[in-house]
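The structure appears right after this line, and notes come after that.
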Amino acid sequence: MAVIEKAAKPAGSRPQRTGRRNRDGRLALIYLAPGVLGLLLFVVLPLIGAFVVSFFDWGLTTGVHFTGLANYRKLFTKDVNFPVVLRNTLIFVVIYTPLNLLCALGMANWLNTRVYAKGLFRVLFFLPVITPSVANALVWRFMLQQDGVVNQVIRAFGGHGSDWLQDPTTAMVWVIVLSIWQSFGYNLIVLGAGLDAIEDNLYEAARIDGAGPLRRFFSVTLPMLSPSLFFTSTMTVISAFQVFTQPQLLTGGGPGQSTNTLVLYLYQNGFSFDRLGYASVIGWVLFVMIMIVTGVQFAGQRRWVHYA
Amino acid sequence: MISSTMMTACGSGSATSADMSGQMFTWAAGSEAQWDAFVKAAQPQVPNTKIKYQGPSFSDYWTKVKTQYSGGSGPCLITTQSARTQELQPLLTPLDDLLKNKNVDVSSYDASMIKGMTVGGKLYGLPYDAEPFVVYYNKDLFAKYHIPAPGPNFTTAEFAAAAKALTRDGNYGFAPSSGFDYFTSFAIGNGATWRDDAGNLKLVNNPKLEQVLKQYFDLGAADHATSEVVTQDKTTVEDRFSTGKIGMIVDGTWQYSQIAGYKNVHFGIAPAPSATGNGPVMTEGSGWGISKTCKDKSKALDVLLALTSAKTEQAVAAQLGIMPAQKSAQSAWAAGKQPADVTMLKTVLRSTEPQRTTPNWNAVQTLFGQYSPLGFSGRQSAAQVLQHVSASAQ
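Chains A and B supply the protein sequences, listed in that same order. Read in order, the letters of the first sequence correspond to residues 106 to 413 in our numbering. Read in order, the letters of the second sequence correspond to residues 161 to 554 in our numbering.
The following block contains the structure:
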């Protein structure tokens with residue numbers, strides 16, 4: 106039996122398979138090399154570097170002094186701004202993410218119906234994504250200043266207007282509004298593509314079974330769109346944690362600390378206040394937070410994401 | 161082969177360093193006309209060294225200059241300001257010995273600027289301008305509401321009264337800037353300081369400063385005589401003034417030429433307000449220091465002396481309207497100016513005081529910019545704002 110088996114196996118089969126596996130491995134390595142190299146150079150290495158720097162009092166002009174855990178202690182026990190900045194960031198994430206996704210999903214659904222010139226609308230909604238953030242923020246800033254368009258319209262209707270960006274109760278609202286306007290177009294394109302990919306026969310079958318528009322949306326559209334929704338929600342949460350340009354250009358983090366966010370605070374500490382070690386600690390806290398939230402999102406996806 | 165390569169590399173390095181002697185790092189982007197004027201006037205005085213400039217915009221400069229030199233190299237000349245010398249001092253070489261070797265007498269420069277560029281008893285820069293802070297006022301608005309125009313003894317009380325009287329019909333008496341620099345001109349005129357004797361920041365337990373800041377914020381919080389606070393990084397108080405709806409702004413004389421270009425605004429100048437009406441008026445000025453990393457400091461000093469010579473400053477003053485730091489060149493400022501303003505400026509210069517800063521000035525500026533709108537709107541008191549800025553800047 107053993108002899109027959111041995112005879113049945115073609116000679117040299119194992120070396121051939123191993124050789125192919127080696128070749129495939131090498132090929133994969135070549136394909137992966139640019140990406141892995143980029144990841145190592147521009148993500149892993151800076152992360153390690155920032156971790157090391159976080160144990161130093163490191164100034165661009167004031168020199169480098171080892172301080173152990175002092176930066177961490179200061180952040181968690183002494184810095185009165187950090188809890189405010191953290192709260193602002195969480196408020197931004199919690200409000201911006203669902204509103205962004207709702208806008209994108211609503212518009213994508215609307216554009217998925219028989220809308221005239223839907224291509225034009227898609228381009229229009231996508232335009233703020235590709236225009237420079239600086240230009241966007243400046244235009245909004247001019248619109249929202251004391252004599253800006255917004256106040257002029259309000260005054261034309263008999264109102265008084267407001268110092269929108271210098272009032273701590275409204276400044277964050279405008280930072281969120283600008284951020285949604287500027288970025289929901291990207292999610293709209295992704296979700297629109299997801300909607301296009303849902304086959305009509307699924308809706309047809311649902312209609313035959315007597316499902317109304319709402320039922321079809323919740324029982325067909327959403328489950329079929331769940332991979333796209335998972336992707337957009339994950340990316341939107343990450344970008345929300347990293348919000349910087351909008352508060353930096355619209356309000357500079359003010360008035361007071363009312364619109365200061367983690368990345369802006371990190372930037373201020375690193376480059377305006379010359380505290381690179383302290384900025385590195387903030388960077389690491391942000392990194393850990395994003396890792397945890399993204400990990401939770403990935404773990405939770407098994408329950409609601411349906412891959413066809 | 162290896163040694164020849166190494167020699168070539170060293171040779172190339174030396175050549176680069178030599179080239180750096182005539183180069184300056186400055187707020188180049190957007191200010192090319194100014195630097196071109198300096199280079200054009202100074203180049204013939206140092207024919208063997210090519211003068212060049214590079215750098216970001218003014219708003220990015222104070223951050224970029226540190227990152228540039230933290231790499232251990234950069235152009236030999238670093239543009240600085242009297243107010244920023246304390247902050248940039250770790251990047252700069254003391255000039256005292258170098259100047260002594262070349263027998264240069266700095267008494268030809270404006271004394272307040274030399275004082276401003278001196279840190280710990282050592283001189284770190286030479287100035288090209290010495291600009292006092294003045295009030296630019298809209299003559300038409302003052303005439304329209306029959307308010308006496310600011311005179312050579314403009315007091316803080318008169319300033320506040322005028323701002324209040326001008327705020328009507330959609331006009332605002334005063335457009336405040338969020339910058340701490342602008343408040344310091346008010347503080348100097350009203351006898352307050354923001355530093356202790358050792359030159360460190362002293363914002364809390366400083367009753368005089370708190371009282372003057374309250375006075376400043378009350379222009380908005382109590383008198384409602386101010387427009388919204390102008391955050392200087394993207395728009396300026398000059399932009400607001402150009403609308404013709406602002407009665408007064410306070411800024412340095414370096415803005416004179418720009419304001420003179422506003423066709424629809426007839427303006428005059430007066431000393432920045434002070435408690436007594438006799439000053440002192442704060443001066444700010446810019447200049448250059450020599451980088452610590454500069455290989456040929458002597459050669460760089462030759463370029464620095466050419467850039468700040470009376471001849472150069474006179475030429476640039478005549479072309480762009482800067483107020484030269486070289487005293488003998490200051491008369492050139494009058495070229496093309498309104499005669500009444502020239503007379504007024506002579507009065508302004510009778511008593512000047514340089515703005516002095518602290519090593520953490522960039523943080524103070526950033527934080528005051530964030531908190532001052534809360535002060536002008538009355539949401540936070542002067543004491544609270546000072547407390548927040550002080551705590552966060554340390």
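By construction, the Cβ of each residue, glycine as well, lies at the ideal position given by its N, Cα and C atoms. None of these values were measured; they are calculated from a predicted model.
Check: C-beta neighbour in chain B for G358 (chain A), strict 7 Å; Outcome: yes
Check: CA nearest to the CA of V295 (chain A), picked from A:G388, A:T341 and A:P237; Outcome: A:T341
Check: contact_flag[the region 316-334 of chain A, the region 229-245 of chain A] where n(CB pairs < 8 Å) is 3 or more; Outcome: no
Check: Proximal chain A residues relative to Y129 (chain B), where beta-carbon distance stays under 9 Å; Outcome: Absent from the model: residue 129 (chain B). The displayed extent of chain B is 161 to 554, so no value can be given.
Check: Closest by C-alpha distance to W448 (chain B), when choosing among B:L255, B:G280 and B:V410; Outcome: B:L255
Check: Cβ pair count under 8 Å reaching 3, the region 493-512 of chain B against the region 333-351 of chain A; Outcome: no
Check: T165 (chain B) versus L283 (chain A): straight-line alpha-carbon distance, rounded; Outcome: Annotation note: pLDDT 35 at T165 (chain B) (below 50); position unreliable, coordinate value reported separately. Going by the C-alpha atoms only, they are around 56 Å apart.
Check: Cross-chain neighbours of L249 (chain A) in chain B, by beta carbon under 8 Å; Outcome: Correct list: empty, because the minimum Cβ distance to chain B is about 10 Å.
Check: Sheet register partners of P273 (chain A) (DSSP bridge); Outcome: Looking at the DSSP assignment, P273 (chain A) forms no beta bridge with any residue, so it has no partner.
Check: Reduced DSSP category for Q205 (chain B) - H, G, I as helix; E, B as strand; rest coil; Outcome: helix
Check: When A:F156, A:L134 and A:D268 are compared against V390 (chain A), the one with the closest alpha-carbon; Outcome: A:F156
Check: Secondary structure, alpha helix (DSSP H): runs of 4+ residues fully inside the region 436-482 of chain B; Outcome: 457-467 and 470-480
Check: Which of helix, strand or coil DSSP assigns to A430 (chain B); Outcome: strand
Check: Under 7 Å by beta carbon: chain B residues contacting V325 (chain A); Outcome: Chain B residues near V325 (chain A): none, gap ~48 Å exceeds 7 Å.
Check: Per DSSP, the bridge partner or partners of L252 (chain B); Outcome: B:S451
Check: Residue from B:P292, B:D399, B:M180 and B:L534 whose Cα sits closest to the Cα of A381 (chain B); Outcome: B:L534
Check: Stretch-stretch touch, CB-based, cutoff 8 Å, three pairs: the region 224-239 of chain A with the region 287-306 of chain A; Outcome: yes
Check: Span separating the alpha-carbon of Q228 (chain B) from that of L369 (chain A); Outcome: 21 Å
Check: Proximity of E388 (chain B) and Q415 (chain B) at Cβ, strictly below 7 Å; Outcome: no
Check: Residue of B:P216, B:I429 and B:V199 minimising C-alpha distance to A188 (chain B); Outcome: B:P216
Check: Chain B within 7 Å of Q257 (chain A), Cβ atoms only; Outcome: no
Check: Bounding residues of the alpha helix (DSSP H) (the contiguous stretch that carries G211 (chain A)); Outcome: N186 to L216
Check: DSSP beta-bridge partners of V169 (chain A); Outcome: A:W163
Check: Same chain, Cβ closer than 8 Å to S345 (chain B), five either side skipped, listed in chain order; Outcome: F293, V410, A432, V441, M442 and Q515
Check: Below-7 Å beta-carbon distance, E388 (chain B) vs any chain A residue; Outcome: yes
Check: Best match in B:L467, B:Q371, B:P484 and B:T396 for proximity to A435 (chain B) [C-alpha to C-alpha]; Outcome: B:Q371
Check: Candidates B:Y376, B:V502, B:Q530 and B:Y332: closest to P312 (chain B) by CA position; Outcome: B:V502
Check: Residue range of the unbroken alpha helix (DSSP H) whose run includes L379 (chain B); Outcome: P367 to A381
Check: L142 (chain A) versus L152 (chain A): straight-line alpha-carbon distance, rounded; Outcome: 14 Å
Check: Cβ pair F197 (chain A), A345 (chain A) closer than 7 Å; Outcome: yes
Check: Beta carbon proximity, L509 (chain B) to chain A, threshold 7 Å; Outcome: no
Check: Selection of the region 366-379 of chain A by Cβ proximity to chain B, strictly under 7 Å; Outcome: Q373, F376, S377, F378 and D379
Check: V364 (chain B) vs S552 (chain B) beta-carbon contact at 7 Å; Outcome: no
Check: Rounded straight-line distance, which links the Cα of L259 (chain B) to that of A321 (chain B); Outcome: 49 Å
Check: Residue span of the beta strand (DSSP E) that contains Y305 (chain B), given as start and end; Outcome: Segment: none, Y305 (chain B) is in no beta strand (DSSP E) and carries neither H nor E.
Check: Alpha carbon of L367 (chain A) to alpha carbon of Q249 (chain B), nearest angstrom; Outcome: 30 Å
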